[in-house]
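Each remark here refers to the structure printed beneath this line.
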Amino acid sequence: MAKKDEYIRKPDWLKIKINTNKSYTGLKKLMRDKKLNTVCEEARCPNIHECWSERKTATFMILGDTCTRGCRFCAVKTGLPNELDLGEPERVAESVEIMGLKHVVVTAVARDDLNDGGAAVFGETVKAIRRRVPGCTVEILPSDMKGDYDSLHTLMGGEPDIFNHNIETVRRLTKKVRARAMYDRSLELLRRVKEIRPNTPTKSSIMVGLGETKEEIIQAMDDLLAHNVDIMTIGQYLQPTKKHLNVERYYHPDEFEELKQIAMEKGFQHCEAGPMVRSSYHADEQVNETSAQRRIKYMQGYESQGETLNKTTF
5 MAKKDEYIRK
15 PDWLKIKINT
25 NKSYTGLKKL
35 MRDKKLNTVC
45 EEARCPNIHE
55 CWSERKTATF
65 MILGDTCTRG
75 CRFCAVKTGL
85 PNELDLGEPE
95 RVAESVEIMG
105 LKHVVVTAVA
115 RDDLNDGGAA
125 VFGETVKAIR
135 RRVPGCTVEI
145 LPSDMKGDYD
155 SLHTLMGGEP
165 DIFNHNIETV
175 RRLTKKVRAR
185 AMYDRSLELL
195 RRVKEIRPNT
205 PTKSSIMVGL
215 GETKEEIIQA
225 MDDLLAHNVD
235 IMTIGQYLQP
245 TKKHLNVERY
255 YHPDEFEELK
265 QIAMEKGFQH
275 CEAGPMVRSS
285 YHADEQVNET
295 SAQRRIKYMQ
305 GYESQGETLN
315 KTTF
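As structure tokens, this is what we get:
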């Protein structure tokens, strides 16, 4: 258990090194020029510099920048969303092409105001990326779409390489942490993805430090495995502002390593666990063999082309 003063000051292992190299600044400029949003920025992800600068990955946030929900852990603004931008899928795809990205995560604000929760735009975004950069692998991270499984079929029509939906926390804390979301509904969504596309890896994430017990974390692992989830990520909750939930405690890196070992022993195909781990952390390593081979095939020779584009664009 962390000491009391650690709730006030973050421990040393949560300090990060900022690397704002040309790749990072170029991608940030491109996002602004194309009027695109990234969850990397909106959710204040601590890994943004590593992903943008070194790994050539990014997490685009589509369907606007305003969420219809108000989860108590999330920094994304809430309110009444704007009308859909039907040109957004092509702008995302164009940005992926210009930057020569090898893996993209497409997430979105929750759009409970839409009948399909934004599933059609999700599907079009994946298809647009496929057309422009066939070798780029694509992971999608949608909301629960209020349990509308017809919309799930629409969303999966884009044939993503990974389907990601986060339970965020343990069962007992769900009502406190997540607005309008339900623990069992999220699990059912993940299970149904496997019915639609059995070979698509499914993935989910939880944050720790919100008051959960180790036994509850292990139960969450069992719940995910019971719904055929392949990949799990576990990271430290960090309070975005004073208006959000307090951090109850900071987990030591050794504790994360233990949780990762437990998850792998239980049967997950892949687990990332650490203080800075977020849902899309090292996501490019988590695609299945079929997707990885497709990426290798198309990205050979493409990276040199991407470097030329980068030099002329930024």
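So the sequence shown is residues 5 to 318, counted in my numbering.
All C-beta atoms in this analysis are idealised placements derived from N, C-alpha and C, irrespective of residue type, glycine included.
Just so we're clear, the structure is a prediction, and the values are computed from it rather than from any experiment.
Between residue i and the rest of its own chain, which residues show a CB-CB distance below 6 Å, the 5 nearest in sequence each way excluded?
i	result
Arg204	According to the sequence provided, residue 204 is Thr. The question's Arg does not apply to it. Counting only Cβ-Cβ distances below 6 Å, and skipping sequence neighbours, we find Phe167.
Pro93	Glu128, Thr129, Ala132
Lys264	Cys275, Ala277
Ser209	Asn170, Thr237, Ser283
Arg73	Ala114, Ala183, Arg184
Give every residue of the same chain whose Cβ lies closer than 7 Å to the Cβ of residue i, excluding the five residues on either side of it in the sequence, and list them in chain order.
i	result
Lys315	Residue placement at Lys315 is flagged as unreliable, the pLDDT there being 38, under the threshold of 50; a coordinate-derived value is accordingly withheld.
Gly213	Gln240, Tyr241, Val251, Glu252, Arg253, Tyr254, Tyr255
Cys75	Val181, Arg182, Ala183
Ile222	Ile266
His231	Leu191, Leu194, Arg195
Gly83	Thr70
For residue i, which residues from the same chain have a beta carbon less than 8 Å from its beta carbon, with the 5 sequence-adjacent residues on both sides left out?
i	result
Asn86	Gly68, Thr70
Trp17	His256, Pro257, Pro279
Arg196	Tyr153, Leu156
So residue i packs on residue j, CB below 8 Å; how close in whole Å?
i	j	result
Asp117	Ser155	About 13 Å separates the two Cβ atoms, so there is no contact after all.
Gly171	Ser190	This sequence places Ile at residue 171; Gly is not what is there. With 8 Å as the limit, Ile171 and Ser190 qualify as a contact, their Cβ atoms being about 5 Å apart.
Phe64	Val96	5 Å
Ile66	Val109	Their Cβ separation, rounded to whole angstroms, is 11 Å, which puts Ile66 and Val109 out of contact at 8 Å.
Leu88	Val125	6 Å
Count the other C-beta atoms from every protein chain shown that fall within 10 angstroms of the C-beta of residue i, then say buried if there are 16 or more, exposed otherwise.
i	result
Leu105	buried
Glu219	exposed
Thr273	According to the sequence displayed, residue 273 carries Gln and not Thr. It is exposed - the Cβ of Gln273 has fewer than 16 other Cβ atoms within 10 Å.
Gln290	buried
Pro164	buried
Asp234	buried
Lys8	Reliability of the predicted coordinates at Lys8 is poor, the pLDDT of 44 falling under 50, and no value is obtained from them.
Asp227	buried
Is residue i close to the ligand HEM? I mean its beta-carbon at under 6 Å from any heavy atom of the ligand.
i	result
Gly162	With respect to the ligand HEM, the structure shown offers nothing to examine, as it has no ligands at all.
Query raised in the report: Which ranges would you report for the beta strand (DSSP E) in the region 79-106 if only whole runs of at least 3 residues count?
Result: Counting only runs of 3 or more, we get nothing.
**Report entry** Within the region 109-197, ranges of the beta strand (DSSP E) (whole runs, at least 3 residues)
**Finding:** Taking only runs of at least 3 residues, the beta strand (DSSP E) segments lying wholly in the region 109-197 are 141-145, 166-168.
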